[in-house]
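To start, the structure under review is shown below, and the notes come after it.
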Amino acid sequence: MSDIPAWIAIPAAIFLVAGGLITLIGSIGLLRFEDFKSRIHAPTLGNTFGAMFTLLASILVSFHLADRVFFHEILIVVFLFLTSPVTAMLLMRSYILRLERIGK
208 MSDIPAWIAI PAAIFLVAGG LITLIGSIGL LRFEDFKSRI HAPTLGNTFG
258 AMFTLLASIL VSFHLADRVF FHEILIVVFL FLTSPVTAML LMRSYILRLE
308 RIGK
């Protein structure tokens, strides 16, 4: 296994720590917020941006080790950015329709 130079290791470590912290903050928001609308917002952002930073770290390291960016990591980023907000929007719409149905 080759050594990773500091100019790649330091940004990768920062991206990993940032991704973990953002995901943790989103998870804490899921536990602390009271209503459904607030609860769906925090994990959606935490999941999307936390995974993005983690994948950025992975892209940096894999680019150095294999001298190319792996296509599947870029696909994961695109898939997360497309599906996570859409899922949150669909859950919100079903919540609003349910509230309208019961008359609130």
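Residue numbers for the sequence shown, in the working numbering: 208 to 311. All C-beta atoms in this analysis are idealised placements derived from N, C-alpha and C, irrespective of residue type, glycine included. Here the structure is a predicted model, which means the values were calculated and not measured.
| Check | Outcome |
| --- | --- |
| CB of His-271 within 8 Å of CB of Ile-215, strictly | yes |
| Runs of alpha helix (DSSP H) lying entirely within the region 248–311, each at least 4 residues, in chain order | 278–309 |
| Nearest neighbour of Ala-220, chosen from Thr-261, Asp-242 and Gly-233 [CA to CA] | Thr-261 |
| Three-way DSSP call (helix, strand, coil) for Phe-243 in this model | helix |
| Which listed residue (Met-296, Ile-266 and Asp-274) has its alpha carbon closest to that of Ile-283 | Ile-266 |
| For Phe-222 and Ala-258, the rounded distance between their alpha carbons | 10 Å |
| For Pro-212, three-class secondary structure by DSSP | coil |
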